[in-house]
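Read top to bottom, the protein sequences are chains A and B.
Sequential numbering from -12 applies to the first sequence in this note's numbering.
Sequential numbering from -12 applies to the second sequence in this note's numbering.
Just so it is clear, CB atoms sit at the ideal spot from N, CA and C, and this is done for glycine as well.
2 protein chains.
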Amino acid sequence: MPKHEGVSLSVIKRLPRYYRFLGDLLSRDVTRISSRELASLMQLTASQIRQDLNCFGGFGQQGYGYNVAALHKEIGNIMGLNKHTPMVLIGAGNLGRTIARHMDFESSGFKLVGIFDDSPRVIGQKVSSLTVQDMAGLEAFCKEQSPRAAILCIPKEVAFETAQRLMKLGVNCFWNFSHYDLSLDFEGAVVENVHLGDSLMTLCYQINAAYPEDE
Amino acid sequence: MPKHEGVSLSVIKRLPRYYRFLGDLLSRDVTRISSRELASLMQLTASQIRQDLNCFGGFGQQGYGYNVAALHKEIGNIMGLNKHTPMVLIGAGNLGRTIARHMDFESSGFKLVGIFDDSPRVIGQKVSSLTVQDMAGLEAFCKEQSPRAAILCIPKEVAFETAQRLMKLGVNCFWNFSHYDLSLDFEGAVVENVHLGDSLMTLCYQINAAYPEDE
């Protein structure tokens, strides 16, 4: 895979969105698109799109546009979506079970290989195609399956100790749904936080700013 | 409520996080904190914190630090968390039901007043303290209850028409979980997108960048 070390974080953050829009185009049998058309679709400027995609070289041609399939595939490669990193889910409450059922892990670069919880109420339940296992078996499981990543759908209070336990088992990449800023305490961990509460408050702020007169 | 019109978007986006950290401090009975201590907790610089919080004036004192309760309350007011904007949930599948049960709407500025779906499989089910209603009754409900905001937990394919239908009913603020960029098509709508798929791909990219050698 080619390296793209010069690529800035703000470009990186736009990759999933490019990938999603290009995937939509593909599913509608669009084979090529100009930067102007793609820009209008995504509400970016054509020059920003050209700048972004030039980081990865060779997909646009003057007067021809982008090859949708090639660009989609290359952006997928850059993100490593073809790798199927083994991943465990910790916490099979409402949110955890929904994430396990709702997400398309395989097409996002992961393979969900195990689900763990410490509550007898959910241990043994089927979720998606997996059976919820007892947290007591986590060490043995990780030795055997070597997952690199974990989804944390656990209360804030146990997030720190759980992450610590996982780090010791070689799991240092986290998709973190706990209301806790994991990245602050674990140097060397790869963390993507999903703070749903922060997101809802952001919406609240926006509404408040748009409609200050509301009681 | 005081206006904060000069406040930049990047400060705004940090408000929920400040609010969360200050809330944690409050729950641990911390009554005041210096910008240096808060900075170390949140892994920001003290000067950034002072700059951010100076936008809202009057909470820090040289040599004393911030009054945690007063600052927490003021940031809550700025975000409008005390407003309880009435909100409906559209889509009571796995994700929708989980969001309804999982989120603390009241303390995030909202009140969930109705849940709607068009599937006979879920209509009539209890979710949280509400009963899932038939989408056919949406118009009558909105006339009566005047919700301003909606959570969209519906497939991408129906997101556009559903948003259009809601806009006509005066609902123009959206917490959007559909894999669809709602804000692009509706001028004047207030939209906060939660793209879980994009987030998972971002994690994948970060892992790929940290461990390029993995197969």
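For the pair D104 of chain B and V119 of chain B, the CB atoms are nearer than the 7 Å cut-off. Between S165 of chain B and A146 of chain B, the gap from beta carbon to beta carbon is short of 7 Å.
If you ignore the 5 residues before and after R15 of chain B, its C-beta comes within less than 6 Å of no other C-beta in its own chain. Per DSSP, the continuous beta strand (DSSP E) segment holding G52 of chain A begins and ends at 52 to 54. In the displayed model, M122 of chain A falls within a helix according to three-state DSSP. Going by DSSP, C160 of chain B is part of the beta strand (DSSP E) stretching over 160 to 163. For the pair M29 of chain B and V177 of chain A, the Cα-to-Cα distance works out to about 17 Å. Around the beta carbon of K143 of chain B, a 10 Å sphere encloses fewer than 16 other beta carbons of the protein chains shown; the residue is thus reported as exposed. Contact annotation: in the segment 50 to 68 of chain B, residues whose CB is within less than 8 Å of a CB in chain A are I65, M66, G67, L68.
Secondary structure note for I138 of chain B: its beta strand (DSSP E) is the uninterrupted segment 136 to 139. Residue contact with chain A for H89 of chain B: present (Cβ-Cβ distance below 7 Å to some residue of chain A).
Counting only residues of its own chain and dropping the five nearest sequence neighbours on each side, L125 of chain A has a CB closer than 6 Å to the CB of F103. Two segments are said to touch when three or more pairs of C-beta atoms, one from each, lie closer than 8 Å; by this definition the segment 88 to 96 of chain B touches the segment 185 to 196 of chain A. By the C-beta criterion, the segment 80 to 88 of chain B is judged to be in contact with the segment 74 to 88 of chain A, since at least 3 inter-stretch pairs fall below 8 Å. In the three-state scheme derived from DSSP, where H, G and I count as helix and E and B as strand, R19 of chain B is classed as strand. Counting along the chain, F97 of chain A sits inside the beta strand (DSSP E) bounded by residues 97 to 104. For N163 of chain B, no CB of chain A lies under 7 Å from its own CB, so it is not counted at the interface with that chain. Straight through space, the alpha carbons of A196 of chain B and S186 of chain A are spaced by roughly 26 Å. The DSSP-derived three-state label of L12 of chain A is helix.
With respect to chain A, the C-beta atom of T85 of chain B has a partner C-beta closer than 7 Å. The beta carbons of A137 of chain B and V181 of chain B sit about 13 Å from each other, so the pair does not count as a contact at 8 Å. For T72 of chain B, the uninterrupted beta strand (DSSP E) run begins and ends at 72 to 77, by DSSP.
At a C-beta separation below 7 Å, K113 of chain A has no neighbours in chain B, since its nearest C-beta there lies roughly 14 Å away. Between V158 of chain A and P134 of chain A, the C-beta gap is smaller than 7 Å, which places the two residues in contact. The C-beta separation of Y5 of chain A from G63 of chain A comes to about 10 Å, leaving the pair out of contact by the 8 Å criterion.
About 6 Å separates the CB atoms of P73 of chain B and Q132 of chain B; that is less than 8 Å, so the two are in contact. Between the alpha carbons of V100 of chain A and F161 of chain A lies a distance of about 15 Å. Residues of the same chain with a CB within less than 6 Å of the CB of Q112 of chain B, apart from the 5 flanking positions on each side, are V119 in chain order. Any Cβ of chain A closer than 7 Å to the Cβ of M74 of chain B would place that residue at the interface, and such an atom is absent. Beta-bridge partners of N64 of chain A (DSSP): none assigned.
Under the 7 Å criterion on CB atoms, Q132 of chain A is classed as non-interfacial with respect to chain B. A Cβ-Cβ contact shorter than 7 Å links H59 of chain B with L9 of chain B.
Chain B places no beta carbon closer than 7 Å to that of V100 of chain A, leaving this residue out of the contacts.
In its chain, beyond the 5 residues on either side, D39, C42 have a beta carbon closer than 7 Å to the beta carbon of V(-2) of chain A. Under a criterion of Cβ atoms nearer than 8 Å, the residues of chain A adjacent to L187 of chain B are, in order, M90, F92, S95, G96, F97, W162, E179.
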